[in-house]
Amino acid sequence: DAEMAAVTGELESLKVSYADSVLAAKAAEEQLAEAQAAAADARAGVGVQTFFCGDGVDVTFGEAGKELCIIGAMYGSGDVCIDCKEAIQGAIDEGVFSHGGGIHTLVGDPVGGVAKTFVCHYTITG
């Protein structure tokens, strides 16, 4: 009985080790797939780009016929900023974002009477 209990305990330990190994292998596969995707993007010239401007200027960036994907966009001054990613992504037309009269006319003015900055991070593919 003691011998059987020892063998059963060893078997359970091997099952746990095997399950841990399978989980580790899956995690490694996922990391490899992410690294391969990043390498493919780098070969294709996909990288994060940044557009930066002050108040009241016409804003245009992107490339006609390409896919423009907004990663993040903020507008404001100091601690008073608004996230305008969705508004910018929604205004893209055929791979180009273009808006005249200042970004505040599209996304609003987070703080009046203060100079503000618009910063947008994006990728272009295709």
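For the sequence shown, our numbering gives the first residue as 2, with consecutive numbering after it.
Idealized CB from N, CA, C, for every residue including glycine.
Subject >> Limits of the unbroken beta strand (DSSP E) element including I72 >> reply: Taking the sequence shown and counting its residues from 1, the one referred to as residue 72 is at position 71. I72 -> beta strand (DSSP E) spans E68 to S78.
**OP:** Locate the alpha helix (DSSP H) running through V108, then write down its first and last residues.
**Re:** As a working mapping, residue 108 is identified with position 107 in the sequence shown. Where V108 is concerned, the enclosing alpha helix (DSSP H) stretches over H105 to V108.
Original post:
Grouping DSSP H, G and I as helix and E and B as strand, with all else coil, what is G127?
Top reply: Looking up residue 127 in the sequence shown gives position 126. Residue state, collapsed to three classes: coil.
**OP:** Answer yes or no: do V8 and H122 have a C-beta to C-beta separation smaller than 7 angstroms?
**Re:** As a working mapping, residue 8 is identified with position 7 in the sequence shown. As a working mapping, residue 122 is identified with position 121 in the sequence shown. It is not a contact, given that the beta carbons lie outside the stated cut-off.
**OP:** State the Cα-Cα distance for the pair S52 and A29, rounded to the nearest angstrom.
**Re:** Within the sequence shown, numbered from 1, the residue matching residue 52 stands at position 51. Within the sequence shown, numbered from 1, the residue matching residue 29 stands at position 28. The identity of residue 52 in the sequence shown is Phe, whereas the question assumes Ser. About 35 angstroms.
**OP:** Can you grab the Cα-Cα spacing for the pair F98 / T61, in whole Å?
**Re:** Looking up residue 98 in the sequence shown gives position 97. Looking up residue 61 in the sequence shown gives position 60. Across the structure, F98 and T61 are spaced so that their CA atoms are roughly 5 angstroms apart.
Subject >> I72 vs I89 beta-carbon contact at 7 angstroms >> reply: Translated into positions along the sequence shown, residue 72 becomes position 71. Translated into positions along the sequence shown, residue 89 becomes position 88. For I72 and I89, no; Cβs fall outside 7 angstroms.
Subject >> Local conformation of G10 per DSSP, three classes >> reply: Start at 1 with the first residue of the sequence shown, and residue 10 comes out as number 9. Three-state DSSP puts G10 in a helix.
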